[in-house]
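Residue numbers (my numbering): 1001 to 1474.
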């Protein structure tokens, strides 16, 4: 069973294809068979690309036979979220009104993946406007968490996380403006890194207008994978430059070596939220694992995460309301319109003067964290301070939305600061997957991934346990 291609990591598949141990068509067909067998139940992939994928794989095999240079993802299956452009396909963003919005060209992340040799096997689901912590919309329907159909798969990249957990390929594109890579990874027992702003280029040729300034500064593109080594490989590929994104920065992926021991700050400050005991225990296990591996783990007080988390709601939600509010009122469902109204109630919306001041103050908040990270290059902290929530939790009412975001201040706060942060599984909380977060210095995703791999080596790959449970039920 372990030799079946769909079970393999991207690193393994790329090496096997290079060595001639498996063909690109065999790999692609294995993943497509897996999708055909299970996607009908979980609805992770909402636009299948089987014909195009097999034709691409055949071409990849011809390139292998020709003996030319191969890209780092040659023949590796990937999925793309339906909110970024793939030329000739619809960029729906979960909206019926956008079902016919056909992309005129590839977005930078898609171009980078294809240039690296990847094969797109499908498009993954997202909520309307990609602005919910779960994944459901009136165009494509609901995506189920493979671990528990009543639990959320996370959002907005919930289709990507469900696809990753079920074995629909090893690399799954997603994006993150408030946790949309990390919520799904936490919920489905997966690994991800939210890159530093400027690391991965972003642009949608189909976009009708530019986004607001703050959205541009805190939204990033990334990958959700079962294994940390695949997150590293995928993020390297995604980080290739593109002149269409003037914010992209040509910073080497591997930074200067730090003298050991690398100092890791550990914080379990909840700011009043009742953290679930399994989450707290997971952080302590992760801290012990890093300490055993030679990191200098210290329990210290970090700069406030609550201030940037509050600003995320006060400032970003005000901006989103201005830019997306009219679209939501015109094209959104009643559910998303109500949720947008609840978002505005959580924070204190700012006016134009307040917006200008908040953008200025954001520099101060980021500076405080940058100075702290100069002494402690990594911070181990909670991501979600509660267990995975029900799939429709944010549609149940204002208090449920408020609870979810109060439990996730370490998510939105990190976005507001534009710092990189990874989530890696630590085991289970309340019987469902759970993870911890590692925050790092700007452009030091490599250090975050190193620490994530140490934790993963102790915990294992949670998706493997999911598959074994599936086999036991068969």
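Think of the CB as a built atom: it goes at the ideal place given N, C-alpha and C, for glycine as much as any other residue.
A straight-line Cα-Cα distance of about 33 Å links residue 1403 and residue 1238. DSSP places residue 1446 in the uninterrupted alpha helix (DSSP H) bounded by 1445-1459.
Your pair residue 1229 and residue 1453 checks out as a contact, with CB atoms roughly 7 Å apart and the cut at 8 Å. In this structure residue 1257 is exposed. Its beta-carbon is surrounded by fewer than 16 other beta-carbon atoms within 10 angstroms. The Cβ neighbour count for residue 1352, taken over all protein chains shown within 10 Å, is under 16; the residue is labelled exposed. The C-beta distance from residue 1425 to residue 1459 rounds to 6 Å, short enough to fall under 8 Å. In chain order, 1417 place their CB closer than 6 Å to the CB of residue 1366, counting only its own chain and leaving out the 5 sequence neighbours on each side.
DSSP places residue 1176 inside the beta strand (DSSP E), whose first and last residues are 1171-1176. Linking residue 1451 to residue 1330 through their CA atoms gives a straight-line distance of about 45 Å.
Residue 1436 sits close to residue 1383, with the two beta carbons spaced by under 8 Å.
Sorting 1443, 1097, 1029 by C-alpha distance to the C-alpha of residue 1250 places 1443 at the top. Counting C-beta pairs with one atom in each stretch, the stretch 1087-1104 and the stretch 1190-1201 have fewer than three that are closer than 8 Å, which means they do not touch. Between the stretch 1276-1295 and the stretch 1242-1249, the count of Cβ pairs shorter than 8 Å is below three; the stretches do not touch. Membership of residue 1320 in the alpha helix (DSSP H) is indicated by the continuous run 1317-1331. Taking 4 residues as the minimum length, the alpha helix (DSSP H) runs contained wholly in the stretch 1100-1147 are 1108-1115, in order along the chain. By the CB criterion at 8 Å, residue 1128 and residue 1336 fall inside the cutoff. Rounded to the nearest whole angstrom, the C-alpha separation of residue 1047 and residue 1117 is 21 Å. Residue 1173 sits buried, since 16 or more C-beta atoms from the chains shown fall within 10 Å of its C-beta. For the stretch 1252-1329, the continuous beta strand (DSSP E) assignments of 3+ residues that do not extend past its boundaries occur at 1263-1266, 1296-1299, in sequence order. Counting C-beta pairs closer than 8 Å gives fewer than three between the stretch 1055-1070 and the stretch 1149-1159, which falls short of the contact rule. Residue 1225 carries a strand assignment under DSSP once its states are collapsed to helix, strand and coil. Residue 1381 sits in a strand when the DSSP states are folded into three classes. Between the C-alpha atoms of residue 1164 and residue 1326 there is a straight-line separation of about 34 Å. Rounded to the nearest whole angstrom, the C-alpha separation of residue 1211 and residue 1004 is 43 Å. Between the stretch 1029-1049 and the stretch 1122-1137 there are three or more inter-stretch CB-CB distances shorter than 8 Å, so the stretches are counted as touching. Residue nearest to residue 1187 within the set 1028, 1463, 1470, 1203 is 1463 (criterion: CA-CA distance).
Within the DSSP secondary-structure output, residue 1425 pairs in a beta bridge with 1435. Fully contained in the stretch 1343-1423 are the following beta strand (DSSP E) runs of length 3 or more, in chain order: 1378-1382.
DSSP, reduced to helix, strand and coil, places residue 1051 within a helical segment of the structure shown. Going by beta carbons, residue 1034 and residue 1167 fall inside the 8 Å limit.
If you draw a straight line from the Cα of residue 1181 to the Cα of residue 1175, it is about 6 Å long. The stretch 1333-1347 makes contact with the stretch 1390-1408, as at least three CB pairs between them are under 8 Å. Distance from the CA of residue 1217 to the CA of residue 1006, rounded to the nearest whole angstrom, comes to 36 Å.
When DSSP states are grouped into helix, strand and coil, residue 1077 belongs to the strand group. When the five nearest sequence neighbours on each side are left out, the beta carbons in the same chain lying within less than 6 Å of the beta carbon of residue 1144 are those of 1042, in order along the chain.
In terms of Cβ geometry, residue 1427 and residue 1192 do not form a close pair [threshold 8 Å].
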